[in-house]
Amino acid sequence: MVSSTYYYDHIAGNYNGHMTDSDNSVRKEVIKIFKANIPGGNILDFGGGTGLDLPGLLSDQYKVFFLEPSTNMRAIAIESVSEKPRKPVIIEERVNFQQWSDNHLPFTEKMNGVLANFAVLNCIPDVDSLFEKLAIICAPLCYIQATVIDVRPLKMIKTHSLKVAAKILFNRQLITRNYFNGIAQDTYLHTLQKYKSASGKYFNLVSYNSIHSSNFALLILSRNEIAYKKTTL
Ligand SMILES: C[S@@+](CC[C@H](N)C(=O)[O-])C[C@H]1O[C@@H](n2cnc3c(N)ncnc32)[C@H](O)[C@@H]1O
13 MVSSTYYYDH IAGNYNGHMT DSDNSVRKEV IKIFKANIPG GNILDFGGGT GLDLPGLLSD
73 QYKVFFLEPS TNMRAIAIES VSEKPRKPVI IEERVNFQQW SDNHLPFTEK MNGVLANFAV
133 LNCIPDVDSL FEKLAIICAP LCYIQATVID VRPLKMIKTH SLKVAAKILF NRQLITRNYF
193 NGIAQDTYLH TLQKYKSASG KYFNLVSYNS IHSSNFALLI LSRNEIAYKK TTL
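Counting from 13, one number per residue, gives the positions in the sequence shown under my numbering.
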């Protein structure tokens with residue numbers, strides 16, 4: 013088993029080629045909802061991968077910050093916008109959210125929206141710490157929009173097995189292992205309850221809905237204004 017960054021460094025060159033038509037329509041739908049929820053301001057493409065969402069995000073509407081810990085994935089993203097008139101702010105330092113604190117952040121701006129598209133949160137074992145750190149960089153009422161692996165039992169029975177679905181039902185954290193060219197990466201199947209308890213101190217749950225014709229659910233949270241005031245006093 014290797015770290016997520018090592019895994020994505022290894023598969024970077026093949027990543028875009030694995031996108032299916034269904035993935036492309038999920039991406040379109042997710043960006044449409046993101047734009048409808050976040051009218052403008054600073055947005056963060058968190059775990060932005062090879063930059064597949066950048067064409068949909070780069071517009072007069074937003075200042076886009078792009079954070080991707082795998083240097084090989086990031087290099088493809090940088091190349092993809094090299095000829096474009098609009099460019100994101102590429103974060104190359106302080107990419108490890110676990111080290112973030114008020115005095116140690118990758119940027120000084122506060123975000124109005126954070127996109128974590130295509131199972132970024134499923135690469136992260138400790139989502140408690142993730143939401144604590146994201147709270148630092150989010151402006152009041154900032155939206156976090158994440159496509160996460162839908163682990164509701166009915167979905168799990170269809171996509172995994174009865175055994176996996178039963179474990180999820182009993183609210184145990186489940187880890188599955190993905191293999192690519194002999195390299196394995198762990199995927200963390202967090203439940204909605206887990207996202208709620210991990211984020212609840214800083215964020216309100218806006219919605220959690222299945223994304224049509226996919227194994228994803230769309231998790232939407234908004235930065236809690238009262239908690240924002242308390243944590244920034
Ligand atoms: C399935 S890819 C999704 C990439 C991109 N968001 C997309 O929609 O195509 C998951 C991404 O999450 C990134 N990732 C994994 N752990 C991360 C972390 N701790 N912080 C930020 N990104 C992370 C990986 O490097 C990888 O690029």
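By construction, the Cβ of each residue, glycine as well, lies at the ideal position given by its N, Cα and C atoms.
Because the structure is a prediction, the values reported are computed rather than measured.
Task: Element boundaries [alpha helix (DSSP H), containing A48] - done: Taking the sequence shown and counting its residues from 1, one reaches residue 48 at position 36. Per DSSP, A48 belongs to the alpha helix (DSSP H) from D33 to N49.
TODO: Taking R5 as the reference, give the member of K170, A151, I43 and F58 with the closest Cα.
DONE: The chain is shown from 13 up to 245; residue 5 falls before or after that span and cannot be answered.
- [ ] Enumerate, from N- to C-terminal direction, the unbroken beta strand (DSSP E) stretches of 3 or more residues contained entirely within the stretch 62 to 142.
- [x] 74 to 79, 101 to 103 and 123 to 128
TODO: Could you spell out where the alpha helix (DSSP H) holding D162 opens and where it closes?
DONE: As a first step, residue 162 is located in the sequence shown; it is residue number 150 there, counting from the start. For D162, no alpha helix (DSSP H) segment is defined, and its DSSP state is neither H nor E.
Open item on the list: Residues in the same chain with beta-carbon distance under 8 angstroms from N134, minus the five sequence neighbours each way, listed in chain order, please.
Closed with: By one-based count along the sequence shown, residue 134 stands at place 122. Within the same chain, N134 has close Cβ partners V160, I161, T199, Y200, L201 and H202.
TODO: Take V126 as the anchor and find which of F78, D138, S71 and Y27 has the nearest alpha-carbon.
DONE: Numbered from 1 along the sequence shown, position 114 holds the residue referred to as residue 126. Of the listed residues, the one whose Cα sits closest to V126 is F78.
TODO: In the DSSP assignment, find the beta strand (DSSP E) that holds T203 and state where it starts and stops.
DONE: By 1-based counting over the sequence shown, the position of residue 203 is 191. In the DSSP annotation of this structure, T203 is not part of any beta strand (DSSP E), being labelled neither H nor E.
TODO: Determine the closest residue to N227 out of A131, I149 and I148, with distance taken between C-alpha atoms.
DONE: By one-based count along the sequence shown, residue 227 stands at place 215. Per the Cα distances, A131.
Open item on the list: On the DSSP bridge list, what partners appear for T188?
Closed with: Locating residue 188 in the sequence shown gives position 176, where the first residue counts as 1. In the DSSP output, where bridge partners are listed per residue, T188 has T199.
TODO: Report whether the distance from the Cβ of A87 to the nearest heavy atom of ligand 1 is below 7 angstroms.
DONE: For the purposes of this step, residue 87 is taken as residue 75 along the sequence shown, with counting starting at 1. The answer is no for A87.
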